[in-house]
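Asks: Would you mind keeping the following structure in view while I ask a few things?
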Amino acid sequence: MQKNRALLVIDLQPDFCPGGPLAVPGGDEILPLINQLAAKFETVVLTQDWHPADHISFAANHSAPAFGTISLPYGDQVLWPTHCVMNTPGAALHPKLDIPHACAIIRKGSHRDVDSYSAFLEADRTTKTGLNGFLSARGITELYLCGLATDFCIAWSAEDSCSFGFRTTIIEEACRAIDMAGSLDAAWTRLTAAGVERISAKDL
Ligand code: VGL
Ligand code: ZN
Numbered sequence: 007m008q009k010n011r012a013l014l015v016i017d018l019q020p021d022f023c024p025g026g027p028l029a030v031p032g033g034d035e036i037l038p039l040i041n042q043l044a045a046k047f048e049t050v051v052l053t054q055d056w057h058p059a060d061h062i063s064f065a066a067n068h069s070a071p072a073f074g075t076i077s078l079p080y081g082d083q084v085l086w087p088t089h090c091v092m093n094t095p096g097a098a099l100h101p102k103l104d105i106p107h108a109c110a111i112i113r114k115g116s117h118r119d120v121d122s123y124s125a126f127l128e129a130d131r132t133t134k135t136g137l138n139g140f141l142s143a144r145g146i147t148e149l150y151l152c153g154l155a156t157d158f159c160i161a162w163s164a165e166d167s168c169s170f171g172f173r174t175t176i177i178e179e180a181c182r183a184i185d186m187a188g189s190l191d192a193a194w195t196r197l198t199a200a201g202v203e204r205i206s207a208k209d210l
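Positions in the sequence shown are counted from 1; adding 6 to them yields the numbering used here.
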């Protein structure tokens, strides 16, 4: 097993799966594949989207419709249906996620006034989650990403991963997208420009 590579499993939580308030189409289909992929990595890190109930990204806290956009000091913010409220069942790791050897769980989005799609840096683009330090301290130089959602949390995490200097690869069939208003195509354009690679699970 290559010691310098890690798998980052993003936001596999019931609230992002069919039946949840911010369901990503087919979100739960990728669980068996991700469990298999994880067995090929000695270092696996999981993330959880983890918001307080009064979080700034929730449409309900602005009396505004979900999927609209508002302007905040750090930039534009999409307003989402209430999701992944800390300590609720919908924010737990998905019960079918079976990665006992995962060595860290990064929770993101827990500051009320700042969202965090990225597992590395919050939306203010300044506050660090600590993931970069964790991976670097363990000698990781290559990061593989999978999970939910390709066009938001995976895209932002992958771009930051590149900026922090990791060779960064998205495992295509092990992700699913929200795909609102062309967000998936736009994400792939940015990702390709940033130098993020894409690979099929069978080539790993
Ligand atoms: C996500 C929207 C809001 C994601 C998280 O995991 O992609 N998307 N919060
Ligand atoms: Zn969120």
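Backbone N, C-alpha and C fix where the C-beta goes; we use that ideal spot for every residue, glycine too.
Keep in mind that this is a model prediction, so the values were computed, not measured.
1) Going by the beta-carbon positions, is the gap between residue 178 and residue 204 smaller than 8 Å?
2) For residue 28 versus residue 63, is the C-beta distance shorter than 8 Å?
3) Taking the alpha-carbon of residue 100 as reference, which of 20, 207, 210 has the nearest alpha-carbon?
4) For residue 92, which of 169, 75, 55 has the nearest alpha-carbon?
5) Using a threshold of 7 Å, is the CB atom of residue 80 nearer than that to any non-hydrogen atom of the ligand VGL?
6) Got a sec, what are the start and stop residues for the beta strand (DSSP E) residue 278 sits in?
7) Go to residue 128, then tell me how far its alpha helix (DSSP H) extends in each direction, as first and last residue.
8) Tell me whether the segment 150–166 and the segment 195–204 touch, counting them as touching only if at least three CB pairs, one residue from each stretch, are closer than 8 Å.
9) Does the distance from the C-beta atom of residue 109 to that of residue 153 stay below 8 Å?
10) Look up residue 11 in the DSSP assignment and give the residues it is bridged to.
Replies: Result, derived from the coordinates:
1) yes
2) no
3) 20
4) 55
5) no
6) The structure shown has nothing for residue 278, since the chain only spans 7 to 210.
7) Run containing residue 128: none; DSSP gives neither H nor E here.
8) yes
9) No; because the gap between Cβ atoms is not below 8 Å, this pair is not in contact.
10) 148, per the DSSP bridge assignment.
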